[in-house]
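Heads up, the thing below is written out as structure tokens.
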Amino acid sequence: NNSIYRAMLVLHDGAGIYVSMGRGMILRGNYVRDVVDTGGYGASAYYLDEQTVDCLVEGNLSVRVARPVQNHMARRNTIRGNVFVADGDLVLSFPISSDYCLEKNVVVAGGKIQIANPDAISKAADNIFFSESGVAEQVVMNRYRKVKPLPLTSGKRWLLADPKMVHYESGRVRYAAGSPVEKRAIPPIDVSGAGCRILVSPDYEQPAGIEGAVLYDYDPATKLGDDVFGTVVADFSRPLDGRKRCSHGGPVCLEYPDGTLVAFYANTSSHNVDGWTEYALSKDKGRTWDKHHPFPHSLAAYEKNRKRPVWVEEGLVTAEGTVVLILTEFDGDRRVRNSVMRGKDCGATWSGPEPFADDAVGYPAAAAVAGSVCYVLLDSVRGPHELYVSVDDGKTWRRRSTLPLQKDAWYGALCVMEDGGLLAGAYVTQDEDHLYYCISRDGGRTWGAQRKAPLDKKIRDPELACLDGKYYLHGRSGHRGSGSHRFVLYQSDDGIHWKSGVIISGDRRFPDGYSHNCILNKYDADKPNELMIQYSIIYEPPRTSEYVFFIRPTRAGP
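Each residue of the sequence shown is one higher than the one before, starting from 1 at the first, in my numbering.
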């Protein structure tokens, strides 16, 4: 249950897990990833070195490690039921070793696959090797010297075939229907729970203005109302690669159908669009986060043309469990194109991108789901506010209506109400003391008149949610005047009349408070729904880091 990554950055001849002179040891259920081969004797995921005898390497995962197993002067060891994935070439190495057993391993490489010193393997059965380059070979060796490569022959020892792997990054390895792993009874691997499991008790708060619910996070060092409150999901205050970065823009948080929490955010040089989208994952309901994963499509777009970045701007999960992301392409600071990417395997792979609603251009401000109907609200600084709808699992989108919100209202918000209606809101620059809103009772086909809801601590970039009969509104506590530049949370019994706002955190400096929310435990009938709120906090003007906190109805118990 160890999670080991980016090991061996300086040293040579080592591994994520290294064993020397071991007897009868078991290496099981570990996840080693992103170990770069630094030359010399190299760096491996799992290494059985001199005089290691009768050991078992079983049910482990290695990802982006060119040498997943290194075996040196070792004998009578078994490598069984592991999954090894590499983007480039991959080597299974056995110099001066003997009497090895290899069975039911799945090996996938973007480049060639090599077995160095195949004579060390006395028994092999039901392994699956798949080289995307089409090269799989065994290299005959004389001690440490490579004599000649010979092609591997597909058969009982190792089947040369695509295992149809669709998901592995999170630690849960899954295969598409019809995978050859089924016929060979290769056991599934799930090491998503690997890693540090220091359980921090949640710190509950019930401030005035919040009834029937408590607020909590998992960081005892932060405090409600102070400069920082929440559990960090992207800490840019610690420079990455020697650079100070910023999470400004594009916060999107979701719960995947397998219970994984994901938080998308921007990685930029400052308060601008000079960057790409990243994401963090939590397998333990927000206690800990695996941070700083670049979203591949966004990073590729940025590397291709830094003046045309593509960000994840909104997202939802359909009733069928499909994850739908709405992305925006920029030209400078101008939005020029929206697109859709969809995933059916909890973020492991994505289809698309496909154009969104015949190239509708606008800011994807909010999203909501009501049964089989998915909603996305587009707006802009100059309006109009338009509602787009999908009824085919997020594949195609059509404009359903134009909202009656005035054209200088922006930063749109949307949620499904307790009775199934739609509540939409927006921000007006010259009137931060009100939420401008309208309500639809027919799925967004028609809307009531625009109205204004007074707020005692102002709002900018509003976001809306409905949880357990209560409505929540959150955002920055205004951009101008007294009390601005904090993060504020409001509660309402009807979505129209809002109680006194609660200051969550913030140190009154510009700019922060961009936020998003999602309902949790939708896929676990034994747990009550909760609300996760993701938002940005400034650490030095104008750069921000990203945090989350949670709202739990008190009837659910702490």
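Backbone N, C-alpha and C fix where the C-beta goes; we use that ideal spot for every residue, glycine too.
Item	Value
Does DSSP put T554 in a helix, in a strand, or in coil?	helix
From E314 to G250, what distance separates their C-alpha atoms?	7 Å
Comparing C-alpha positions only, which one of E255, V369, E303, Y100 sits nearest to A125?	Y100
Might you give, ordered along the chain, the residues of its own chain that have their beta carbon closer than 6 Å to the beta carbon of A120, omitting 5 neighbours on each side?	F94, S97, S98, Y100
Determine the direct distance from the alpha carbon of F264 to that of D13, and round the result to whole angstroms.	36 Å
With a CB to CB cut of under 8 Å and the five nearest residues on each side skipped, what residues in its chain are close to S122?	S98, D99, Y100, C101
Return the bridge partner residues of W410 from the DSSP annotation.	Y427
If you follow the alpha helix (DSSP H) that E303 is part of, which residue opens it and which one closes it?	296-304
Pull up the CB-CB distance for I189 and V502, whole angstroms please, since I reckon it's below 8 Å.	44 Å between Cβ atoms; not a contact.
To the nearest whole angstrom, what separates the beta carbons of A194 and Y31, a pair I think is in contact under 8 Å?	4 Å
My parser needs the beta strand (DSSP E) runs of 3 or more residues fully inside the stretch 141-194; what are they?	145-151, 158-160, 165-167
How many angstroms separate the CA atom of S380 from the CA atom of R398?	18 Å
Taking three-plus beta-carbon pairs below 8 Å as touching, is the stretch 469-483 in contact with the stretch 442-450?	no
Under the rule that 16 or more other beta-carbon atoms within 10 Å means buried, what is P558, buried or exposed?	Residue placement at P558 cannot be trusted, given a pLDDT of 47 that sits under 50; what the coordinates show is reported in the next sentence. Exposed is the call here.
Would N105 and R80 be called neighbours here (beta carbons separated by less than 8 Å)?	yes
Looking at the structure shown, is P454 part of a helix, part of a strand, or coil, going by DSSP?	strand
Can you have a look at Y539 and say buried or exposed, based on whether 16 or more other CB atoms are within 10 angstroms of its CB?	buried
Please check if any C-beta of chain D sits within less than 8 Å of the C-beta of R143.	The structure shown contains no chain D, having only a single protein chain.
With DSSP as the reference, identify every bridge partner of V69, one or two as the case may be.	Y46, L92
Indicate whether the contact test is met: 3 or more Cβ pairs, each with one atom in the stretch 246-262 and one in the stretch 299-310, closer than 8 Å.	no
Does the stretch 411-429 come close enough to the stretch 359-373 that 3 or more CB-CB pairs lie under 8 Å?	yes
How many Å lie between R552 and N529 at the Cα?	8 Å
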